[in-house]
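Residue numbers (full-length UniProt numbering): 1 to 484.
Note that beta-carbon positions come from the ideal geometry of N, C-alpha and C, so glycine has one too.
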């Protein structure tokens, strides 16, 4: 779209504002439970006009508040880059890759494909009569636990709380209860029937890997030992149930685009380097899955990111704050979704931000601590901690909104906010050696980011199953398996 003058933009925006009073849209993520559709429309109109106005202005890329050491980048005008070009860089990034030099961010943006008018309005993984993500945790020692940690041969040491010393059992008996409907008890056989002949793949970081492991632990119980298999630890790990000709897979891609952190084991590096304009390395592995569940948040909050564009032949990188780099990567991912996904043939989901519980004063004013030794959920409805970053969530929501019905949202943020007791804390395997000072102060090394304690994971999985079932009236039954 070409605009000849600022006056045309202003006139268009006036028209857009008037139109907002006759439109209806899906509510956006927020920390509050009650939303007015009009507010969401106004916000969308504001964003649209802001984008148009940028064609006439020079934008300052501001320093992320999470990364105080990142210098503010220079003012620069935007240029647009077409992502995911097959004739791009020939050198694949790995953990040995490095930048020959680093300069300020040049202002390149990702120009992703038009998803098409047939994509329609974005779907959330819910129905109007039953938002499975709006509810509360209720104590239920009759229906839970659904399985024992020791019964799953694929349980990760990062999630195995009981194995690593957690003795309290109360956390096992909490069940997620939506406000306006009931979730039926997990039926493993029914889920396998829905997955028959299909590939379900989780793509992302260790948080999504935890969801994959939990899903496998739930599903594997009805499969005979000689009829199931698991590939060894690799970037793409596959659990296969021969009887159903179905797989439940996990692809390690913490930044979605190609990066130097794509090794599932050796990825603790001093600097992050990404190709912000290409998901081709990963999409070659996920493109034939029938159901895709993506996430990507945690790694973007660990400091500035080096950008190595596919057109760069001399190893010269640019540097950008994490939030800005995430927006570029999400654009490259969105280009793939917009150009490749046909909703009738493939289901795509994106999981919202997973909260942390590092500061107990947020739910218990005056206290000092974190998730360590927390044994019960937070009961204050609508509780929202500082670990759920709204600017980051808005960045993702902006991208997802542009994809219409090609992607659905699994909104786990609020239900996770309540579960300060659901983190592994100190009850997991730590690969680094703990110092005597750390051992003397357990809260100092508590893992309050990941989710362990298997029963909490199962509640996530029930929500995911409900999301898949509610995606369309006939659930996955009308989803045709990928011919590949």
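Nonlocal neighbours in the same chain, by C-beta distance under 6 Å from residue i, ignoring five residues either side
i	result
residue 138	175, 177
residue 200	248, 291
residue 264	235, 252
residue 300	322, 326
residue 150	none
residue 241	223, 228
residue 566	Nothing about residue 566 can be read from this structure; the chain reaches only from 1 to 484.
residue 293	202, 349
residue 164	427, 428
residue 341	348, 406
residue 243	227
residue 237	231, 250
residue 115	338, 403, 404, 406
Contacting residues, own chain, Cβ-Cβ under 7 Å from residue i (five flanking each side not counted)
i	result
residue 421	171, 374, 375, 376, 377
residue 36	Only weak support is given to the placement of residue 36: the predicted model assigns it a pLDDT of 39, under 50, and the value that follows is read from those uncertain coordinates. Around residue 36: no qualifying Cβ.
residue 270	none
residue 97	260, 273
Inter-residue Cα distance where the pair is residue i and residue j
i	j	result
residue 330	residue 297	11 Å
residue 384	residue 313	45 Å
residue 428	residue 357	17 Å
residue 166	residue 387	24 Å
residue 316	residue 392	27 Å
residue 430	residue 369	20 Å
residue 101	residue 146	53 Å
residue 352	residue 409	7 Å
residue 260	residue 302	15 Å
residue 162	residue 444	20 Å
residue 173	residue 143	8 Å
residue 362	residue 82	43 Å
residue 360	residue 203	31 Å
residue 133	residue 288	29 Å
residue 273	residue 390	25 Å
residue 333	residue 195	25 Å
residue 365	residue 136	22 Å
residue 103	residue 267	24 Å
residue 225	residue 157	21 Å
residue 130	residue 346	23 Å
residue 367	residue 84	49 Å
residue 179	residue 381	12 Å
residue 489	residue 86	Residue 489 lies beyond the stretch modelled for the chain, which goes from 1 to 484, so this question has no answer here.
residue 400	residue 339	14 Å
residue 441	residue 448	15 Å
residue 182	residue 394	30 Å
residue 191	residue 318	46 Å
residue 419	residue 148	20 Å
residue 433	residue 355	26 Å
residue 250	residue 95	20 Å
residue 91	residue 111	23 Å
residue 379	residue 193	36 Å
residue 324	residue 286	25 Å
Contact belief for residue i with residue j at Cβ below 8 Å, rounded distance in angstroms
i	j	result
residue 152	residue 211	Residue 152 to residue 211, Cβ: 14 Å. No contact.
residue 295	residue 208	4 Å
residue 372	residue 446	4 Å
residue 337	residue 403	6 Å
residue 534	residue 262	Residue 534 lies beyond the residue range present for the chain, which begins at 1 and ends at 484; the question has no answer from this structure.
Close beta carbons around residue i, own chain, < 8 Å, minus the five adjacent residues each side
i	result
residue 79	106, 107, 108, 109
residue 154	213, 216, 217, 220, 230, 239
residue 233	264, 265
residue 189	222
residue 168	375
residue 184	none
residue 140	173, 174, 175
residue 206	158, 254, 298, 450
State whether the segment 403-416 contacts the segment 434-449, with contact taken as three or more CB pairs (one from each stretch) at a distance under 8 Å.
no
How about the segment 301-310 and the segment 271-283: do they share at least three Cβ pairs that are nearer than 8 Å?
yes
Which residue spans inside the segment 163-215 form an unbroken beta strand (DSSP E) run of at least 3?
174-178, 199-204
With a floor of 3 residues, list each beta strand (DSSP E) that falls wholly inside the segment 287-327, ordered by position along the chain.
291-294, 305-307, 316-320
At 3 residues or longer, and completely inside the segment 234-274: list those beta strand (DSSP E) runs for me, N to C.
236-241, 246-252, 272-274
Going residue by residue through the segment 380-440, where are the continuous beta strand (DSSP E) segments of at least 3 residues, counting only ones entirely within it?
408-410
So within the segment 336-368, which uninterrupted alpha helix (DSSP H) runs reach at least 4 residues, ignoring any that extend past its ends?
none
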